[in-house]
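Here the protein sequences come in this chain order: A and B. Using our numbering, read the first sequence as starting at 1 and increasing by one per residue. Using our numbering, read the second sequence as starting at 1 and increasing by one per residue. Note that CB positions come from ideal geometry on N, CA and C, so glycine has one too.
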Amino acid sequence: GNSVTQMEGPVTLSEEAFLTINCTYTATGYPSLFWYVQYPGEGLQLLLKATKADDKGSNKGFEATYRKETTSFHLEKGSVQVSDSAVYFCALNQAGGGNKLTFGTGTQLKVEL
Amino acid sequence: DAGVTQSPTHLIKTRGQQVTLRCSPKSGHDTVSWYQQALGQGPQFIFQYYEEEERQRGNFPDRFSGHQFPNYSSELNVNALLLGDSALYLCASSLVQGSGANVLTFGAGSRLTVL
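Below is the structure:
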């Protein structure tokens, strides 16, 4: 079956540091890949997505590249802010899979001044 | 433009009871999915409704059931509650069933505590 593996948190960084959150997946075919963010007390918000190999999704300074050869979709940001503190979820959706997303366990990011 | 709204936001039940959670999708969306998010875990897919029918189901027992109404709103029902049903229940909506690349809009969730 499909699965998503994320690096464990919490990840604690100083403001303006570089961020990488690793995500690898197992799926048949060519799934679509997503990063969602969850702020305290809120639902999930789509951060970025990529639908085919070598696509780069980007939003709000975050980016991730769909790497078919390494089955990875690592999230990066060049300079984090305190407001980026949240839980980040990597997810996949099988082609033709409707709205059945498979999520990783989430990685908590804490950014300190 | 209102997003996905869920009610109630918090509720407490005891083992063996039944619960109904409600969801109104984002305006213009016709598909509703439900997810269970246990503490410290990623959301797990429960089921998806489109055109008032259950179209997909995750690995959840029959105690979990749902309904979609003609106005696209949806309910999640859980019978014979167990302690392990304590979780945040998330509703997500989208337009059409999708090819897998559809963007889901999530509500803030209903937090269920079973005592």
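>> I'd like the span of the beta strand (DSSP E) that includes His10/B, first residue to last.
In response: As a working mapping, residue 10/B is identified with position 10 in the second sequence. It spans His10 to Lys13 - the beta strand (DSSP E) in which His10/B sits, taken as one unbroken run.
> Run through DSSP, which three-state label would Val82/A get?
Replying inline: As a working note, residue 82/A is residue 82 in the first sequence. Three-state result, Val82/A: helix.
> For the segment 47 to 69 of chain A, which residues have a beta carbon sitting closer than 8 angstroms to at least one beta carbon of chain B?
Replying inline: Hits within the stretch, in order: Lys49 and Thr51.
>> At the level of alpha carbons, what is the spacing between Ser27/B and Arg67/A?
In response: For the purposes of this step, residue 27/B is identified with residue 27 of the second sequence, where counting begins at 1. For the purposes of this step, residue 67/A is identified with residue 67 of the first sequence, where counting begins at 1. Just so you know, the alpha carbons of Ser27/B and Arg67/A end up roughly 34 angstroms apart.
> In whole angstroms, what separates the C-alpha of Gly3/B from that of Asn71/B?
Replying inline: As a working note, residue 3/B is residue 3 in the second sequence. As a working note, residue 71/B is residue 71 in the second sequence. So the alpha carbons of these two residues sit roughly 15 angstroms apart.
>> On a Cα-Cα basis, can you pick out the residue from Thr71/A, Tyr36/A and Gly43/A that is closest to Glu58/A?
In response: Stepping through the first sequence from its first residue, residue 58/A is reached at position 58. The sequence shown places Ser at residue 58/A, rather than the Glu named in the question. A check of alpha carbon separations from Ser58/A across Thr71/A, Tyr36/A and Gly43/A identifies Tyr36/A as the nearest.
> Exposed or buried, what is Leu47/A when buried is set at 16 or more other beta-carbons lying within 10 Å of its beta-carbon?
Replying inline: By one-based count along the first sequence, residue 47/A stands at place 47. Result: buried.
>> Does Leu39/B pass the burial test, meaning 16 or more other C-beta atoms within 10 Å, or should it be called exposed?
In response: Along the second sequence, read from residue 1 onward, the residue named residue 39/B stands at position 39. If you draw a 10 Å sphere on the C-beta of Leu39/B, you find fewer than 16 other C-beta atoms in it, and that means exposed.
> Where DSSP assigns a beta bridge to Asn77/B, which residues make up the other side?
Replying inline: Position 77 of the second sequence, counted from the start, is the residue given in the question as residue 77/B. DSSP lists Thr20/B and Ser65/B as partners of Asn77/B.
>> On the CB-based measure, 16 or more other CB atoms within 10 Å of its CB, does Asp85/B come out buried or exposed?
In response: Along the second sequence, one-based indexing puts residue 85/B at 85. Looking at its Cβ environment, which holds 16 or more other Cβ atoms inside 10 Å, Asp85/B is buried.
> Should Thr31/B go down as buried or exposed, given a rule of 16 or more other Cβ atoms within 10 Å for buried?
Replying inline: Position 31 of the second sequence, counting from 1, holds the residue named residue 31/B. Per the 10 Å Cβ criterion, buried.
> Sorted by chain position, which residues of the same chain lie with C-beta nearer than 7 angstroms to Ala80/B's C-beta, five sequence neighbours on each side aside?
Replying inline: As a first step, residue 80/B must be located in the second sequence, where it is residue number 80. Closer than 7 angstroms at Cβ, skipping near neighbours: Gly16 and Arg63.
> Quick one: does Phe60/B have its CB under 9 angstroms from some CB of chain A?
Replying inline: Position 60 of the second sequence, counted from the start, is the residue given in the question as residue 60/B. Closer than 9 angstroms: no.
>> Can you list, in chain order, the residues of its chain with a C-beta nearer than 6 angstroms to that of Ser3/A? Leave out the 5 residues immediately preceding and following it.
In response: For the purposes of this step, residue 3/A is identified with residue 3 of the first sequence, where counting begins at 1. Result list for Ser3/A: Thr26, in chain order.
> Could you give the distance in angstroms between the alpha-carbon of Glu42/A and the alpha-carbon of Gly29/A?
Replying inline: Your numbering for residue 42/A matches position 42 in the first sequence. Your numbering for residue 29/A matches position 29 in the first sequence. Approximately 32 angstroms, taken between the alpha carbons.
> Would a C-beta distance cut-off of 9 angstroms place Pro31/A and Gln81/A closer than the cut-off?
Replying inline: For the purposes of this step, residue 31/A is taken as the residue at position 31 of the first sequence. For the purposes of this step, residue 81/A is taken as the residue at position 81 of the first sequence. Taking 9 angstroms as the Cβ cut-off, Pro31/A and Gln81/A do not qualify as a contacting pair.
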